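Report on the following structure.
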Amino acid sequence: MSTIPHLPIFVEDDAIENGSQIILKLIRPDWDFEKIRYKLFTDGITNKLVGLFNDSRPEDDGVLVRIYGKNTEQIIDRKAEFENFKFLYHAGVAPDLYATFDNGMVYKYIRGETLTTTTVRDPIIYRLVARTMARFHRLGVSAGKRADDGTTKSELWSKMEQFANLIPERYSSPSTDLQFRKTFPQGIKSLRADIETLKASLENIGSPVVFCHNDLLLTNILVQSDNSVGSSPVSVAFIDYEFAMFNNQAYDIANHFIEFAGVQEPDFSLYPNVDLQMDWLRSYLEEYIGESLDQNDQRVAVLKDQVNMFAIASHLLWIFWSLVQAEISVIDFDYLKYAKMRFKLYMTAKSSLIK
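Residue numbering for the sequence shown follows UniProt numbering, beginning at 1 and increasing consecutively.
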């Protein structure tokens, strides 16, 4: 993976299938293009993911083409994402990366089913997710990944500042601008001020800084089974590393718990209850620290409290992200509605947890 080719190709939103096939001809020139099968996996809220398969070859030979959402380079450091991908590949948790192109990347197809709001609550599956996240969090130490200055400081707060700085003073769409001002009549000045308040409150609660995925929504987690009929899940895989960075352990877990709600029509009442949280966190800690824990181990309760605190930070980050996307994205998703939902949750959590 030392020399990843870059293809000088830009895939247009209205020509994804054609653009993907042009890329495929460059990286798989020996394929029989009469037998190519095309599948749109996600028409997501940040990127689009396309699968290309040769029906004369095993499905595992498939190629995934990920097309970055328009203008997302303003909020995502694509160079850092590429470095993260290479690091995670060498650590054995990311697929083969075949090429990059002007607005995306091409990598090996990973077999699996994305989580749903139902399967994410299955004890077999959520324990696999918990253990996989624990192994992910240990990668920064075990594989020697460090921040540029040799330390592992959280990058969460600078990411929040970056997003907040990109929110427009006035939206280019009059209807969007009107809706924004109804939802946030004071603008975002007070929310920006909350960044330092949250930082002061959360930096000292003891959550270690680790290498985090930071975007473990349901469609970024694949459940994998063996090929036998009716077999149980044997592993899960995390995909899409564009937000991966050093962050507090509890943030990554909190962010995933919030994503139990789903994405397109989120139901935030699906946040895991205390029993599920405790079982999930015990599975996580057993893998993270490498020892079996009693059901009432105090370390599980401490982590639960840290996670619930960091849920506030997750709400604030994605409020800022949504408000930026409402201006720059061309994807059909109601970002302002999403920001409004997260803002309501943020204010509730802030009033109950930040004194």
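Virtual Cβ for every residue (Gly too), placed ideally from N, Cα, C.
Just so we're clear, the structure is a prediction, and the values are computed from it rather than from any experiment.
Taking 9 Å as the cut-off, the beta carbon of Asp61 is found closer than this to the beta carbon of Asn54.
With the rule of 3 Cβ pairs closer than 8 Å, the region 33-41 does not count as touching the region 73-86. DSSP lists Asn47 as the beta-bridge partner residues of Tyr68. DSSP links Phe87 through a beta bridge to no other residue.
Beta-bridge analysis with DSSP links Ser225 to Pro233.
Counting every other CB atom within 10 Å of its CB across the protein chains shown gives Leu281 a total of 16 or more, marking it as buried. For Leu217, the secondary structure class from DSSP, reduced to helix, strand or coil, is coil.
Taking the Cα positions, Asp14 is about 28 Å away from Thr116.
Taking one beta carbon from each stretch, the region 242-258 and the region 153-160 have 3 or more pairs nearer than 8 Å; the two touch.
Around the beta carbon of Leu323, 16 or more other beta carbons lie within 10 angstroms, which makes this residue buried. Out of His137, Ile125, Met105 and Asp334, the CA that lies nearest to the CA of Phe260 is found in Ile125. With 16 or more other CB atoms across the displayed protein chains lying within 10 angstroms of its CB, Lys159 is buried. Rounded to the nearest whole angstrom, the C-alpha separation of Val11 and Ser190 is 39 Å.
Lys39 has Gly51 as its beta-bridge partners, per DSSP.
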